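In what follows, a single structure is set out as structure tokens and then discussed.
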Amino acid sequence: RLRKWQERIRTKDAGERNLQFALSEIDRMSSALGVPRSVREVASVIYRRALKEDLIRGRSIEGVSTSALYAACRQEGIPRSLEEVSEVSRVERKEIGRTYRYVSQELGLELEPVDPKQYVPRFASALDLSEEVQGKANEIIDETAEQGLLSGKSPTGYAAAAIYAASLLCNEKKTQREVADVAQVTEVTIRNRYQEQIEAMGIPS
Amino acid sequence: MSDPKDTINIENVVASTGIGQELDLQSVAMDLEGADYDPEQFPGLVYRTQNPKSAALIFRSGKIVCTGAKSTDDVHESLGIVFDKLRELQIPVDDDPEITVQNIVTSADLGRNLNLNAIAIGLGLENIEYEPEQFPGLVYRLDEPKVVALLFGSGKLVITGGKQPVDAEHAVDKIVSRLSELGLLD
DNA sequence: AGTTTACTTTGTAAAGC
DNA sequence: GCTTTAAAAAGTAAACT
């Protein structure tokens with residue numbers, strides 16, 4: 001009987017320690033990504049829900065913590081790409097993505113696909129681009145998405161191409177390399193999306 | 206009105222069978238030309254047929270998995286070749302081993318572009334998986350037939366998990382009618 | 001700039017770790 | 001869970017020309 005009691009305490013302590021570790025990891029990654037405190041709180045809530053629903057079994061605490069943070073950023077409308085999140089996590093991108101899909105499905109988060117426009121303010125300011133360019137990029141995204149160009153495309157690459165195009169149109173040119181670096185996509189992706197968007201907007205190249 | 210069902214094409218058939226005889230894969234690997242066997246990496250021996258093109262995974266238990274065939278007929282033809290090759294090595298193979306189709310992969314074309322964002326919302330975010338940052342296809346799981354469909358912006362799709370060729374036809378019918386009633390095919 | 005190759009997703013059996 | 005096999009869809013990445 002005493003043994004069982006001790007075991008319970010041991011288990012409880014271990015569980016408590018694991019939760020503390022997860023929360024401190026969420027805090028560490030959030031700081032590294034520079035996301036607001038409100039997002040860390042949302043991530044913590046998601047992690048606790050995952051824990052309560054026993055979703056950690058068979059997965060690493062780090063993986064679920066990172067996925068919770070990725071999901072929280074999306075839920076709060078200030079998404080970080082899997083590429084960005086994986087840079088501050090010790091879990092690889094592929095694992096974060098599949099854990100996110102699992103947690104999202106099991107908790108019924110029902111998060112809509114990321115709108116490329118949500119990346120515009122952050123990418124544009126990192127490139128020192130004006131409000132005018134941001135507005136133009138948003139216009140390009142809305143108009144081309146409405147024409148069906150967005151289906152299946154990565155939101156970061158889509159936003160990057162629109163920002164590149166807008167920077168040209170507003171005479172605040174940034175090179176494909178500069179935009180590719182902040183958006184963490186390749187120049188080839190920017191070129192491909194850019195060509196489609198420019199054509200759909202009826203802008204002669 | 207072209208029927209999307211007419212665009213269905215079987216791309217891959219996976220089937221399993223057994224020769225009812227245990228095998229010494231080490232010696233089979235020595236005698237069978239083109240056999241790949243690395244027990245440290247995977248317990249099965251890989252043997253590829255050229256006509257029809259397929260890959261057979263042969264196990265110590267005598268069970269065999271055949272993948273890559275383009276039809277159920279090709280699966281039988283490919284496995285027939287494998288059976289004969291084993292018989293040439295003096296290995297007793299059952300007369301007509303039962304062959305079970307485990308999975309059929311099909312492709313098809315709905316003939317018009319799809320707004321995957323609208324479809325994701327329309328079908329219900331809880332019923333689909335659409336993460337364009339990870340994969341360009343929208344994953345849609347059907348209960349009847351029990352298959353998984355991958356829908357793409359081009360209107361093309363992949364259906365997998367079926368055990369009969371008709372499963373793909375039923376799946377395409379359901380997908381088309383569901384998208385139509387949601388007004389997402391106009 | 002554009003090409004090639006390779007990887008992402010789905011499902012499925014097999015034997016063994 | 002992983003390992004291996006096959007094939008499609010279409011996007012993206014790495015490595016080249």
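Residue numbers (this note's numbering), protein chains in the order written: chain F, 1 to 205; chain E, 206 to 391.
Just so you know, even glycine gets a beta-carbon here, dropped at the ideal spot from N, CA and C.
None of the values given here were measured: they were computed from a predicted structure.
- Cβ proximity to chain F below 8 Å picks out ALA325, ILE326, LEU330, GLU331 and GLU334 from the segment 323–334 of chain E.
- The DSSP assignment places complete beta strand (DSSP E) segments of no fewer than 3 residues inside the segment 210–297 of chain E at 214–223, 250–254, 259–263 and 268–274, in order along the chain.
- Proximity to MET235 (chain E) across E:GLU338, E:GLU331 and E:VAL251 peaks at E:VAL251, based on C-alpha coordinates.
- Secondary structure of GLY63 (chain F) (DSSP, three-state): helix.
- Apart from sequence neighbours up to five positions away, the residues of its chain that approach THR99 (chain F) with a beta-carbon distance below 7 Å are ARG59, GLY63, VAL64 and SER67, ordered along the chain.
- Relative to LEU294 (chain E), the option among E:GLY223, E:ALA373, E:VAL233 and E:VAL363 whose CA is nearest is E:VAL233.
- CA-CA distance, LEU109 (chain F) to SER89 (chain F), rounds to 22 Å.
- Taking every protein chain shown into account, the CB of VAL42 (chain F) has 16 or more other CB atoms within 10 angstroms, so this residue is buried.
- Rounded to the nearest whole angstrom, the CA to CA distance from THR254 (chain E) to MET206 (chain E) is 40 Å.
- The way I'd put it, the segment 211–228 of chain E does touch the segment 290–309 of chain E; three or more beta-carbon pairs between them come closer than 8 Å.
- Think of a sphere of 7 Å around the beta carbon of GLU282 (chain E): no beta carbon from chain F falls inside it, the nearest being about 36 Å out.
- Between ALA200 (chain F) and THR144 (chain F), the gap from beta carbon to beta carbon is short of 8 Å.
- If you draw a straight line from the Cα of LEU150 (chain F) to the Cα of ARG292 (chain E), it is about 55 Å long.
- Counting along the chain, GLN197 (chain F) sits inside the alpha helix (DSSP H) bounded by residues 187–201.
- It is roughly 28 Å from the alpha-carbon of TYR158 (chain F) to the alpha-carbon of ILE46 (chain F).
- DSSP lists E:ASN214 and E:VAL363 as the beta-bridge partner residues of SER312 (chain E).
- For LEU343 (chain E), the enclosing beta strand (DSSP E) stretches over residues 343–347.
- Identification of residues in the segment 91–102 of chain F having a C-beta nearer than 7 Å to some C-beta of chain E yields GLY97 and ARG101, given in sequence order.
- Close partners of LYS153 (chain F) in chain E (Cβ separation under 9 Å): PRO337, PRO341 and GLY358.
- At a cut-off of 8 Å between C-beta atoms, SER81 (chain F) counts as an interface residue with respect to chain E.
- For ASN214 (chain E), there are no C-beta contacts with chain F under 7 Å, since the nearest C-beta of that chain is about 21 Å from it.
- Nearest to ALA354 (chain E) by C-alpha distance, out of E:LEU330, E:VAL377 and E:ILE215, is E:VAL377.
- Our two residues, ASP372 (chain E) and ARG37 (chain F), have alpha carbons roughly 50 Å apart in a direct line.
- Counting C-beta pairs closer than 8 Å gives three or more between the segment 276–285 of chain E and the segment 258–267 of chain E, which meets the contact rule.
- The contact set of GLY108 (chain F) on chain E, defined by CB atoms closer than 7 Å, consists of GLU331 in chain order.
- For LEU356 (chain E), the enclosing beta strand (DSSP E) stretches over residues 352–356.
- Taking 8 Å as the cut-off, the beta carbon of PRO113 (chain F) is found no closer than this to the beta carbon of ILE141 (chain F).
- Under the three-state reduction of DSSP output, THR305 (chain E) falls in the strand class.
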